[in-house]
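Be aware that the sequence shown starts at 0, since it is given in numbering that gives the first Met the number 0, and climbs by one per residue.
Built from N, CA and C at the ideal position, the CB exists for glycine as well.
Model, not experiment: these values are computed from the prediction.
Right, one structure below, let's go through it.
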Amino acid sequence: MTASGQHIPGVGTVYLAVTDQDRALAFYRDKLGFEVRTDTEFGEGFRWVEVAPAGAYTVIALVPPMGEDDPQPGGRSPFGFDTPDLEAAMAELGSRGVEFEDVMGGEGPVPPMAYFRDPDGNRILLVEESAR
Numbered sequence: 000m001t002a003s004g005q006h007i008p009g010v011g012t013v014y015l016a017v018t019d020q021d022r023a024l025a026f027y028r029d030k031l032g033f034e035v036r037t038d039t040e041f042g043e044g045f046r047w048v049e050v051a052p053a054g055a056y057t058v059i060a061l062v063p064p065m066g067e068d069d070p071q072p073g074g075r076s077p078f079g080f081d082t083p084d085l086e087a088a089m090a091e092l093g094s095r096g097v098e099f100e101d102v103m104g105g106e107g108p109v110p111p112m113a114y115f116r117d118p119d120g121n122r123i124l125l126v127e128e129s130a131r
């Protein structure tokens, strides 16, 4: 338990379904600039890959679906990323080949935000955190 009395002080791992771990790893490392935290074989023919923004506590596990009950690649991702400047982030990531869609927000209490897709079609939200 933490000093504040919380048994769960943060989010450690988020799982993202991918069909090709090498392709996903290249996208998150090379296009988004994430660190590779873990890339190891374990068990029989299974690979565990984790990536994260530099200095982040939470990691993203890039895992293939193991069964029909597991999340499948594609669709809306269960998480999003923060950025202090959406326009600058879109320009930088766009120069690395990331394509954005559905740019919205920036009016009233809704922060500027945009979606992009990874190689598996997972739709991921990028939100300007300074506007929150």
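Report task. Could you check which residue in D117, L61, Y27, D29 has the C-alpha nearest to that of G74? Result -> D117
Could you name the residues of the same chain whose beta carbon sits closer than 7 Å to that of V102, not counting the 5 residues immediately before and after it, in chain order? A113
**Report entry** Reference R46, options K30, F33, V17, A53, closest by Cα
**Finding:** V17
Q: Within its chain, find whatever has a CB closer than 7 Å to the CB of D81; leave out the 5 residues flanking it on each side and keep chain order.
A: V126, E128
Please determine, among G32, P77, V13, P70, the residue with the shortest C-alpha to C-alpha distance to E91. G32
Next item on the list: Classify V58 as buried or exposed, calling it buried when 16 or more other Cβ atoms lie within 10 Å of its own Cβ.
Entry: buried
Checklist entry - For P111, does the count of other Cβ atoms within 10 angstroms reach 16, so buried, or fall short, so exposed? => result buried
Give the single residue among R122, P108, G104 whose Cα lies nearest to the Cα of V97. R122
Note to self: Rounding to the nearest angstrom, what Cα-Cα distance links V50 and G44 in this structure?
What the structure shows: 20 Å
Quiz item: Between the C-alpha atoms of G107 and Y27, what's the straight-line distance to the nearest angstrom?
Solution: 32 Å
query = Between which two residues does the alpha helix (DSSP H) containing M65 stretch?
reply = M65 -> no alpha helix (DSSP H), and no H or E assigned at all.
Q) Whose C-beta lies closer than 7 Å to the C-beta of A88 among residues of the same chain, with five residues either side of it excluded? A) T82, L125
Exercise. May I ask you to report which of helix, strand or coil DSSP gives D81?
Key: strand
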